[in-house]
Amino acid sequence: MEISIKSLILFGAVVLTGLSAGLFYAWSVSVIPGTQRITATTYLETMQAINRAILNPAFFLIFFGSAVLLGLSCIGQFNTSRMAFWLLLLSSIFYLAGTVGVTGLGNVPLNNELDNLNLTELTSNKLEEFRQYYETNWNRLHLIRTVFAVMAFILTVIAAMTHLQNQF
Numbered sequence: 227m228e229i230s231i232k233s234l235i236l237f238g239a240v241v242l243t244g245l246s247a248g249l250f251y252a253w254s255v256s257v258i259p260g261t262q263r264i265t266a267t268t269y270l271e272t273m274q275a276i277n278r279a280i281l282n283p284a285f286f287l288i289f290f291g292s293a294v295l296l297g298l299s300c301i302g303q304f305n306t307s308r309m310a311f312w313l314l315l316l317s318s319i320f321y322l323a324g325t326v327g328v329t330g331l332g333n334v335p336l337n338n339e340l341d342n343l344n345l346t347e348l349t350s351n352k353l354e355e356f357r358q359y360y361e362t363n364w365n366r367l368h369l370i371r372t373v374f375a376v377m378a379f380i381l382t383v384i385a386a387m388t389h390l391q392n393q394f
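Under my numbering, the first residue of the sequence shown is numbered 227, with each subsequent residue one higher.
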């Protein structure tokens with residue numbers, strides 16, 4: 227049995243979308259509960275450090291690679307499997323709007339706002355106030371992008387199963 231380029235791209239979309247959804251889900255069930263237990267200063271310092279550290283090639287590959295491979299998979303399935311095409315189109319829309327869009331328009335501006343703060347210059351009241359503002363908004367946006375990333379992953383897996391079914 228020969229493996230087609232379409233199948234390889236779809237496999238890559240499944241893997242990268244799964245890694246992206248897994249990253250966001252794992253963050254939701256481990257990092258967020260952990261950071262809720264620390265002081266405002268420690269929380270803000272930690273988030274500054276994490277936001278800087280995550281901007282790396284491995285994260286970019288997973289985050290943007292998912293979008294690229296979902297789009298290519300969608301195009302590849304257009305004349306192959308209508309069901310897989312529609313599932314991948316919906317998955318692509320969910321991922322682009324709900325994950326990439328929410329991150330770019332919501333989480334990133336909050337991260338930039340936090341990064342521009344000199345925490346040593348703020349009073350404890352200002353630190354607590356900013357934490358409330360940042361954490362509440364950031365976590366809400368993170369929940370949205372996590373739900374959309376997981377939905378995109380599930381749809382991509384179903385599309386892959388549909389694609390495989392058409393191969394046999």
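Positions of the beta carbon are idealized from the N, C-alpha and C atoms, including for glycine.
Could you tell me the distance, in whole angstroms, from the CA atom of residue 382 to the CA atom of residue 336? 30 Å
What would DSSP say about residue 304, mapped onto helix, strand or coil? coil
Whole-number beta carbon distance between residue 239 and residue 292, since they are thought to touch under 8 Å: 7 Å
Pick helix, strand or coil for residue 264, following the three-state DSSP scheme. coil
Would you please state the rounded distance, in angstroms, between the beta carbons of residue 250 and residue 371? I believe it to be under 8 Å. 6 Å
Would you identify the three-state DSSP class for residue 403, choosing helix, strand or coil? Past the boundaries of the shown model lies residue 403; the chain is included only from 227 to 394, so the question cannot be answered.
Where does residue 351 land, buried or exposed, given buried means 16+ other C-beta within 10 angstroms? exposed
Taking Cβ positions, are residue 245 and residue 295 nearer each other than 7 Å? no
Contact check, residue 287 vs residue 300, beta carbons under 7 Å: no
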